Amino acid sequence: MVNSYSPTLTQRVFFGNHYQWNNLSDNTAAAFANTTTQQLTVRLQQRLPFLADHRIELSAAVVNINNLVYYNQQGVPAQLSTSKQLLIAFARHRFRVGNVYFDNQATYTHGAGGDTATSRTAGLRIPAFVTESRVYYQRRVFGHALFAQVGGEVYYQSEFRGYGYSPSTQQFYVQDQFKLGGYAVANAFVAADISSASIFIKVAYLNQGLGANGYFTTPYYTGYPRRFQFGVRWRFFS
Numbered sequence: 127m128v129n130s131y132s133p134t135l136t137q138r139v140f141f142g143n144h145y146q147w148n149n150l151s152d153n154t155a156a157a158f159a160n161t162t163t164q165q166l167t168v169r170l171q172q173r174l175p176f177l178a179d180h181r182i183e184l185s186a187a188v189v190n191i192n193n194l195v196y197y198n199q200q201g202v203p204a205q206l207s208t209s210k211q212l213l214i215a216f217a218r219h220r221f222r223v224g225n226v227y228f229d230n231q232a233t234y235t236h237g238a239g240g241d242t243a244t245s246r247t248a249g250l251r252i253p254a255f256v257t258e259s260r261v262y263y264q265r266r267v268f269g270h271a272l273f274a275q276v277g278g279e280v281y282y283q284s285e286f287r288g289y290g291y292s293p294s295t296q297q298f299y300v301q302d303q304f305k306l307g308g309y310a311v312a313n314a315f316v317a318a319d320i321s322s323a324s325i326f327i328k329v330a331y332l333n334q335g336l337g338a339n340g341y342f343t344t345p346y347y348t349g350y351p352r353r354f355q356f357g358v359r360w361r362f363f364s
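First residue of the sequence shown: 127, per the numbering used here; consecutive thereafter.
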């Protein structure tokens, strides 16, 4: 798969109190070329023959990025003069035991962690390891009038040098000083569908205080603390 896209309007021109730049096409010395990506992906989806309720999904991808436009360590747009290669491996395993369902997935990315001297100037920052696991019980009750789920989920990502945030331009930029520690976030939820209405109740960051009392989503910006979430979606049509 091949894609080509032009820089955003903000990357091309910006005038503010703290920053200003002009990368329009009429300024040939600073004009940006289109970013192009080539991706080759191999994917396998299979139900295990000896375990009928087990499904696996495996994929591997090689990505080549040319002329990447990003916000550099000074918070201004820049374009890589060299190509960037990523290797991405993905695995997912789903199965159930009666009415209890398990869904586990993991992604490994090589080439954009920002943890070595060569990758610190690469312009792209992605945690090397990301996992997400979910276990829940679901069934229909009250004569199939209500479909209910109750369960929990855990998200984890490994440490990496995440993007900094510039409030004056409202953009994320590459930085090398602050390393985001690896962290896990656990949630518990209850969800139900009744006719055309859906309702959910969720306790987010249930594990706050267990090992750590918080985490950073980007340098100096902490994630939301433990909280209670409630939502309703009502479709006014059948």
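In this text, a Cβ means the ideal position worked out from N, Cα and C, and glycines have one as well. Only a predicted model underlies this, so the values are computations on that prediction, with no experimental measurement involved.
(request) Below 7 angstroms CB to CB, which residues in the same chain sit around glycine 277 once its five sequence neighbours on both sides are set aside? (result) Arg260, Val261, Tyr262, Tyr263, Phe315
(request) Indicate the three-state DSSP secondary structure (helix, strand or coil) for glutamate 138 in the structure shown. (result) Correcting the residue identity first, residue 138 is arginine in this sequence and not glutamate. Three-state DSSP puts arginine 138 in a helix.
(request) Would you tell me roughly how many angstroms separate the C-alpha atoms of asparagine 132 and glutamine 200, rounded to the nearest one? (result) According to the sequence shown, residue 132 is serine rather than asparagine. When rounded, the distance between both Cα atoms is 22 angstroms.
(request) Please determine, among Ala186, Val188, Ala187, Ala204, the residue with the shortest C-alpha to C-alpha distance to leucine 194. (result) Ala204
(request) With isoleucine 117 as the anchor, note down where its beta strand (DSSP E) starts and where it stops. (result) The question about residue 117 has no answer, for the chain in this structure spans 127 to 364.
(message) Rounded to whole angstroms, what is the Cα-Cα separation between threonine 344 and phenylalanine 304?
(response) 9 angstroms
(message) On the CB-based measure, 16 or more other CB atoms within 10 Å of its CB, does proline 253 come out buried or exposed?
(response) buried
(request) Compare the beta carbon distance of valine 139 and asparagine 129 with 8 angstroms and say whether it is the shorter of the two. (result) no
(message) Considering just the uninterrupted stretch of the beta strand (DSSP E) at threonine 257, what are its terminal residues?
(response) 255-267
(request) For alanine 232, I'd like the list of residues in its chain whose CB is within less than 6 angstroms of its CB, leaving aside the five on either flank, ordered along the chain. (result) Ala217, Thr257
(request) Name the residue from Leu170, Ile191, His236 whose alpha carbon lies nearest to the alpha carbon of phenylalanine 255. (result) His236
(request) Report all residues from its chain with a CB closer than 6 angstroms to the CB of glutamine 164; omit the five preceding and five following residues, and keep chain order. (result) Val128, Asn190
(message) Given this structure, state the Cα-to-Cα distance separating valine 188 from alanine 215, to the nearest angstrom.
(response) 9 angstroms
(request) Could you check which residue in Tyr346, Leu336, His219 has the C-alpha nearest to that of arginine 352? (result) Leu336
(request) May I have the straight-line CA-CA distance separating alanine 310 from histidine 219, to the nearest angstrom? (result) 20 angstroms
(request) Determine the direct distance from the alpha carbon of leucine 332 to that of alanine 248, and round the result to whole angstroms. (result) 35 angstroms
(message) Which residue marks the beginning of the beta strand (DSSP E) containing asparagine 160, and which one marks its end?
(response) No beta strand (DSSP E) contains asparagine 160, which DSSP labels as neither H nor E.
(request) Can you say whether alanine 338 is buried or exposed, counting buried as having 16 or more other CB atoms within 10 angstroms of its CB? (result) exposed
(request) Write down the C-beta distance between arginine 251 and arginine 222 rounded to the nearest angstrom, noting that I regard them as a contact closer than 8 angstroms. (result) Rounded, the Cβ-Cβ distance is 36 angstroms, inconsistent with contact.
(message) Going by DSSP in three states, aspartate 179 sits in which element: helix, strand or coil?
(response) coil
(message) Can you check which of these residues, Ile327, Ala186, Leu206, Glu279, is closest to alanine 159 by C-alpha distance?
(response) Leu206
(message) Short of 6 angstroms in beta carbon distance, which residues of its chain neighbour asparagine 192, apart from the five on each side in sequence? Order them along the chain.
(response) Thr162, Ser209
(request) Pull up the distance between the alpha-carbon of glycine 142 and that of threonine 136, whole angstroms please. (result) 11 angstroms
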